[in-house]
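For reference, the structure discussed in these notes is given below.
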Amino acid sequence: MQVTEYVSKLPYTQICREEANFTAILYTLLSQPENMTRFLKLIKCEDKFTGQSAIFFEFAYIRDIWHAVESPKERKDIILDHLPFLKNYLPAYHSIEHFNKTFVSRASKDEIQSPSRWEVSKFNQVITNNSDFLKVCKFKWSFNIKPDLVIQLSNKKAICIEAKFESNEAVYPKKADEKKIFSDRKLEPIRQYDLQKYMMQELLGLNTQFVVIFKHSAPLGEHTLLTWGEIFRALDFTPFPQFIKQMTSKFL
């Protein structure tokens, strides 16, 4: 049977396994104030979603603030304010290019390059202390990660939601050469949820509640754990299109 013949027999609303699709549906549902109230109650959050609150899909604040701040001095300050010990490893840098060469192979002469582009193999040669090395890695990877949903209740409090369907928690590093560096240094990989905690609480200074959504229940320490079924059963689908009801029916 050709694939075209399945389109009418098995619509995508019935077979979808893409967690980003279910996350987008949840984002849409939570844009309705009553559903947001129900969700906050479900996760036992006592704060209210107000006119000053917002919900974001694929929260990339760290990445985007870098592009909003164009001054080389301000960019360097962001790095050194969070990683002040770098001054001990870079005591004599005299130019933007010299600074960049510590972190990237192709160093710009004109702008401080984003930590998202830093190469572990480069700063591994300079950062000798393991504790400092891990801090630089976490800082770098914070410019790459994007929590699935973030509900920012205020400029002091947030809810960070990681949505899983069949995938497992990611760990860093992911590249083979970087894994070898960690192994040579006798360092444990950094868990995805620990990295999110570092980004949300240490870098952004937000008092954050962490929620993980799974297809089925599983133990997960200090995070609030919910299944897709628990969430969708708690929300109101009345004002939303039929396809959303069809997509989520498998969880109900």
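Under the working numbering, the residue at position 8 of the sequence shown is numbered -1, and the numbers go up by one with no gaps.
Here a beta-carbon is modelled for each residue, glycine too, at the ideal position from N, C-alpha and C.
So what does residue i bridge to, in DSSP terms?
i, result
"residue 151", "141, 201"
"residue -6", "For residue -6, which the question treats as bridged, DSSP gives no partner whatsoever."
"residue 162", "182"
"residue 45", "143"
"residue 216", "203"
Going by C-alpha to C-alpha distance, which of the options sits closest to residue i?
i, options, result
"residue 140", "-4, 4, 21", "21"
"residue 206", "215, 133, 50, 220", "220"
"residue 241", "3, -2, -4", "3"
"residue 184", "152, 171, 0, 25", "152"
"residue 31", "59, 239, 95, 143", "143"
"residue 95", "121, 110, 87, 85", "110"
"residue 146", "106, 189, 196", "196"
"residue 69", "127, 115, 85", "127"
"residue 216", "108, 71, 124, 203", "203"
"residue 159", "176, 182, 170", "182"
"residue 42", "33, 23, 58", "23"
"residue 239", "0, 17, -1, 1", "17"
"residue 49", "137, 125, 118, 124", "137"
"residue 224", "108, 243, 118", "243"
"residue 218", "157, 47, 188, 97", "157"
"residue 117", "82, 150, 101", "82"
"residue 188", "150, 93, 61, 7", "150"
"residue 115", "58, 47, 71, 168", "168"
"residue 80", "124, 237, 62", "124"
For residue i, count the other beta carbons within 10 Å of its own beta carbon; 16 or more makes it buried, fewer makes it exposed. Which is it?
i, result
"residue 56", "exposed"
"residue 163", "buried"
"residue 65", "exposed"
"residue 5", "exposed"
"residue -7", "exposed"
"residue 91", "buried"
"residue -3", "exposed"
"residue 230", "exposed"
"residue 133", "buried"
"residue 11", "exposed"
"residue 154", "buried"
"residue 200", "buried"
"residue -5", "exposed"
"residue 1", "exposed"
"residue 28", "exposed"
"residue 40", "buried"
"residue 35", "exposed"
"residue 76", "exposed"
Assuming residue i and residue j make a contact with CB atoms under 8 Å, what is their CB distance in whole Å?
i, j, result
"residue 129", "residue 186", "6 Å"
"residue 9", "residue 227", "That pair is no contact at about 24 Å."
"residue 105", "residue 87", "Wrong, their Cβ atoms sit about 13 Å apart, outside the cutoff."
"residue 53", "residue 194", "6 Å"
"residue 176", "residue 121", "6 Å"
"residue 148", "residue 38", "6 Å"
"residue 235", "residue 19", "7 Å"
"residue 107", "residue 131", "7 Å"
Restricting to runs no shorter than 4 residues, where is the alpha helix (DSSP H) found entirely within the stretch 55 to 97? Within the stretch 55 to 97, the complete alpha helix (DSSP H) runs of at least 4 residues are 63 to 73, 77 to 80, 87 to 92.
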